[in-house]
Ligand code: ADP
Ligand code: MG
């Protein structure tokens, strides 16, 4: 297939949604700019308006006031077919059609768009492989014959079917156990590195937000943005007690996991020390120090040669230096 369609920008300006009979809006005066190709995480408690915001971008519901543009175009001015071609939507409860096969589920939007049978079949095959499901095994099955994690992959494949520049993913890995979830996150990261879509990804799991996001918007009631910045900056300097509470314990360890060993300056290697590869994170290095009780760990390059070493003090110093000076917060 040809190169995937690159992401485009999304901008919400002063968006408010008040459902009928509501005194205060589910979303109030929400403004946010998502850059082309960016993966932005929405993190916030249940009921804070995350799904409502996604549905407005996708025009499943319309804002009471304010405007939303995709690639500079007002979503209310686009016809619904056009919008579906532009946006892949992974809904919160997976939402596969139970009476359709996996292949038919994935082919839903291409069929709506009038693609030929051959083109749809080729696309379905390609997408199943992309999300690591063997087409020969899964294409003809029905959703109930798949595990929760496999169904969620199909949900992601279905959203990607028409190669949209924008993906809205509402707790897409919510229905999986922790181990499957980690695997899906890894696969998803690899996939996004290849396809470069603009993605808004909802989760209530701060760990997931840190692992996947280019930026994280931490939301409170009525979609109020408490902080919007890179994971490293939010972890290093939470804007207020609300954000700090959301991060919970372990901010230091989460930050260490974001810093590759290759980015820090090393000390001279020791003759006798446990070794780990340069492609690990500072968290891996600390883990090895704690597990072995050693004073330092040696770092080896891809060819296995020892290039330097790290100590507890070196790791702490790197953490202190890792905060980017100005940040990109708004
Ligand atoms: P989240 O996805 O963050 O859990 P939602 O966007 O689903 O939050 O809901 C935000 C608020 O709007 C909640 O108080 C919810 O009860 C309310 N709400 C959501 N959908 C509707 C609806 N169709 N009608 C009335 N109120 C709704
Ligand atoms: Mg929701």
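Numbering (our numbering), first residue to last: 1084 to 1413.
Think of the CB as a built atom: it goes at the ideal place given N, C-alpha and C, for glycine as much as any other residue.
Taking the alpha-carbon positions, what's the residue 1408 to residue 1146 distance?
-> At residue 1408, the pLDDT of 47 sits below 50, so the modelled position is not reliable; the number obtained from the coordinates is stated separately. Answer to the nearest angstrom: the Cα atoms are 37 Å apart.
Which runs of the beta strand (DSSP E), 3 residues or longer, sit entirely within the region 1261-1332?
-> 1281-1286, 1298-1303, 1307-1312
Extent of the continuous beta strand (DSSP E) run through residue 1099 | 1093-1100
Select from 1336, 1123, 1168 the residue whose C-alpha is nearest the C-alpha of residue 1402.
-> Ranking 1336, 1123, 1168 by Cα distance to residue 1402 puts 1336 first.
Going by the CB atoms, is the gap between residue 1375 and residue 1383 shorter than 7 Å?
-> No, the Cβ-Cβ distance between residue 1383 and residue 1375 is not below 7 Å.
Boundaries of the alpha helix (DSSP H) in which residue 1138 is found, first to last residue | Element bounds for residue 1138: 1133-1140.
If I'm right that residue 1253 touches residue 1173 with Cβ under 8 Å, what's the distance once you round it to whole angstroms?
-> 6 Å
Examine the Cβ distances between the region 1266-1280 and the region 1098-1116 and report whether three or more of them are shorter than 8 Å.
-> no
Take residue 1300 and list the residues in its own chain whose beta-carbon comes closer than 6 Å to its own, dropping the five residues that flank it on each side.
-> 1125, 1308, 1311
Best match in 1328, 1135, 1128, 1203 for proximity to residue 1099 [C-alpha to C-alpha] | 1135
When you compare each of 1181, 1245, 1226, 1268 to residue 1202 by their alpha carbons, which one comes out closest?
-> 1245
Taking Cβ positions, are residue 1344 and residue 1368 nearer each other than 7 Å?
-> yes
Would the beta-carbon of residue 1235 be found less than 6 Å away from any heavy atom of the ligand MG?
-> Every heavy atom of the ligand MG is 6 Å or more from the Cβ of residue 1235, so no.
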